[in-house]
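Engineer: One structure follows; several queries about it will come next.
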Amino acid sequence: EAKLSGKNRYHIFDTKEDDLVRERFEQIQRLREALNTDEFVLYYQPKVNMRTGEVVGAEALIRWEHPEKGLVPPNEFLPIMEGHALSISLGEWVIRSALKQIEHWQSLGIHIPISVNISALQLLSSNFFEQFEKILLEFPNVKPSFLEIEILETSGLEDLPKASKVINRCREFGVHFALDDFGTGYSSLSYLKKLALTYIKIDQSFVRDMLDDPNDLAIIEGVISLSDAFRMQVIAEGVETLEHGRILLQLGCELAQGYVIGRPMPSDKFIDWLGEWKPDSSWTKQSLLNDA
Ligand code: C2E
Ligand code: MG
Ligand code: MG
Ligand code: MG
443 EAKLSGKNRY
453 HIFDTKEDDL
463 VRERFEQIQR
473 LREALNTDEF
483 VLYYQPKVNM
493 RTGEVVGAEA
503 LIRWEHPEKG
513 LVPPNEFLPI
523 MEGHALSISL
533 GEWVIRSALK
543 QIEHWQSLGI
553 HIPISVNISA
563 LQLLSSNFFE
573 QFEKILLEFP
583 NVKPSFLEIE
593 ILETSGLEDL
603 PKASKVINRC
613 REFGVHFALD
623 DFGTGYSSLS
633 YLKKLALTYI
643 KIDQSFVRDM
653 LDDPNDLAII
663 EGVISLSDAF
673 RMQVIAEGVE
683 TLEHGRILLQ
693 LGCELAQGYV
703 IGRPMPSDKF
713 IDWLGEWKPD
723 SSWTKQSLLN
733 DA
């Protein structure tokens with residue numbers, strides 16, 4: 443290799459580039475086929491109020507039911523689509539599927555809001571609002587206030603005035619917004635100032651280490667005070683142990699999502715989970731202390 447001239451090196455590099463371009467093209471083709479043949483599926487993870495036990499919502503998380511590979515998590519295919527028109531189509535599929543699910547649950551007497559994850563890129567894409575409105579109108583029986591949109595903060599909301607405008611138009615329908623993974627990536631406090639958000643989600647990385655790392659605990663306390671100051675509700679994600687839940691409750695964060703409460707599950711399993719769910723007794727005891 444060391445003997446290769448500069449020119450040949452470039453040649454090798456170009457070939458690799460071509461391979462990469464071709465590979466991505468093939469991957470996109472395969473993903474488009476997956477969308478057309480209904481290989482994607484939404485799993486639902488409960489969000490609960492740890493103090494009252496109320497199930498306040500369900501987050502829709504996409505999976506790919508690959509015929510050979512089995513269940514493929516979003517981190518393995520969403521990045522391939524990022525920036526490609528296909529991700530817009532997939533985003534619309536997610537919104538439509540969530541609305542269908544809300545409608546179906548309501549027909550069973552289950553009234554639980556569903557949140558969908560939308561990248562900032564999609565939110566800021568040229569006719570997001572028009573498309574969104576069109577999809578909402580396909581479901582005249584569903585109250586749009588049962589739909590929530592989680593915006594992934596890391597994907598860059600640079601154009602704040604535009605984001606704010608889109609959010610406000612959707613809010614006129616009653617749709618709620620959450621800022622996802624707060625505290626990671628391009629966190630900016632001006633998001634909180636400029637955007638009409640209902641929820642802030644504390645990223646799971648802070649929750650995971652909060653019992654061992656005082657800095658993570660300090661960040662969580664900071665996010666909770668911020669959410670109070672901005673009159674937003676705070677949700678902790680990645681609550682994996684009862685102890686996490688207990689401390690979060692003590693700090694004033696009542697809403698939580700995580701494996702110790704319920705994993706993301708197919709919609710029928712979610713209904714089974716609903717039938718069995720009880721808040722941990724130590725959490726409710728804690729709430730008695732707080733209320734006294
Ligand atoms: P996210 O929106 O922050 O979702 C939370 C992730 O944490 C989910 O991973 C969930 O399964 C996982 N999780 C939940 N509870 C726990 C816990 O207690 N411990 C741990 N370690 N993890 C927990 P998932 O489903 O693999 O999704 C990863 C990311 O992919 C999501 O992060 C979201 O940013 C993105 N994503 C998922 N579905 C969609 C979608 O439909 N559209 C878009 N644009 N992005 C999506
Ligand atoms: Mg999310
Ligand atoms: Mg999150
Ligand atoms: Mg996250």
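Going by the UniProt record's numbering, the sequence shown opens with residue 443, and the numbers climb by one from there.
Each residue gets a CB set at the ideal place from its N, CA and C atoms; glycine is no exception.
If Ile591 sits next to Val558, beta carbons under 8 angstroms apart, how far is it from one beta carbon to the other, in whole angstroms?
Structural biologist: With 8 angstroms as the limit, Ile591 and Val558 qualify as a contact, their Cβ atoms being about 6 angstroms apart.
Engineer: Are there 16 or more other CB atoms within 10 angstroms of the CB of Tyr701, so buried, or fewer, so exposed?
Structural biologist: So Tyr701 counts as exposed.
Engineer: Closest to Asp722 by CA distance: which of Pro708, Ala698, Tyr486 is it?
Structural biologist: It is Ala698.
Engineer: Enumerated in chain order, which unbroken segments of the beta strand (DSSP E) with a length of 3 residues or greater are wholly contained in the stretch 562 to 641?
Structural biologist: Qualifying beta strand (DSSP E) stretches, in chain order: 589 to 594, 618 to 624.
Engineer: Starting from Leu503 and walking both ways along the beta strand (DSSP E), at which residues does that stretch end?
Structural biologist: Element bounds for Leu503: 497 to 508.
Engineer: Within this structure, are the beta carbons of Leu634 and Leu668 separated by less than 8 angstroms?
Structural biologist: It is a contact, given that the beta carbons lie within the stated cut-off.
Engineer: Leaving aside the five residues before and after Ser539 along the sequence, list all residues of the same chain whose C-beta is less than 6 angstroms from its C-beta, in chain order.
Structural biologist: Excluding residues within five positions, the ones whose Cβ falls inside 6 angstroms are Leu484.
Engineer: Could you give the distance in angstroms between the alpha-carbon of Glu507 and the alpha-carbon of Ala671?
Structural biologist: Going from the Cα of Glu507 to the Cα of Ala671 covers about 42 angstroms.
Engineer: In the DSSP output, what is Phe672 paired with across the bridge?
Structural biologist: Beta-bridge pairing links Phe672 to no other residue.
Engineer: Residues with a Cβ closer than 5 angstroms to any heavy atom of ligand 2, in chain order?
Structural biologist: Chain-ordered list of matching residues: Asn559, Glu592, Asp622.
Engineer: Below 7 angstroms, is the gap between the Cβ of Glu548 and the nearest heavy atom of ligand 1?
Structural biologist: What sits at residue 548 in the sequence shown is Gln, not Glu. Incorrect: Gln548 has no Cβ contact closer than 7 angstroms to ligand 1.
Engineer: Taking Cβ positions, are Phe648 and Ile666 nearer each other than 8 angstroms?
Structural biologist: Against a cut-off of 8 angstroms, the Cβ pair of Ile666 and Phe648 comes out as no contact.
Engineer: Quick check on Met652: does DSSP put it in helix, strand or coil?
Structural biologist: Residue state, collapsed to three classes: coil.
Engineer: Assuming Phe482 is part of the beta strand (DSSP E), what are its boundary residues?
Structural biologist: 482 to 491 is the span of the beta strand (DSSP E), which, as asked, contains Phe482.
Engineer: Give me the residue from Pro521, Leu563, His526, Pro488 with the minimum Cα distance to His553.
Structural biologist: The residue with the shortest Cα to Cα distance from His553 is Pro488.
Engineer: Less than 7 angstroms between C-beta atoms, sequence neighbours within five positions excluded: which residues of the same chain meet that for Phe581?
Structural biologist: Hits under 7 angstroms: Leu541, Glu545.
Engineer: Take Leu621 as the anchor and find which of Lys604, Ile609, Ile593, Arg613 has the nearest alpha-carbon.
Structural biologist: Of the listed residues, the one whose Cα sits closest to Leu621 is Ile593.
Engineer: For Lys643, count neighbouring C-beta atoms within 10 Å of its own C-beta (all shown protein chains included) and say buried if the count is 16 or more, exposed if not.
Structural biologist: Classification for Lys643: buried.
Engineer: Mind the definition here: the stretch 514 to 523 touches the stretch 470 to 485 only if three or more C-beta pairs lie below 8 angstroms; say whether that holds.
Structural biologist: The answer is yes - the stretch 470 to 485 touches the stretch 514 to 523, with three or more Cβ pairs under 8 angstroms.
Engineer: Which residues in the same chain have their Cβ closer than 7 angstroms to the Cβ of Gly687, if we skip the five residues on either side of it in sequence?
Structural biologist: Result list for Gly687: Met492, Val681, Ala698, Val702, Asp722, Trp725, in chain order.
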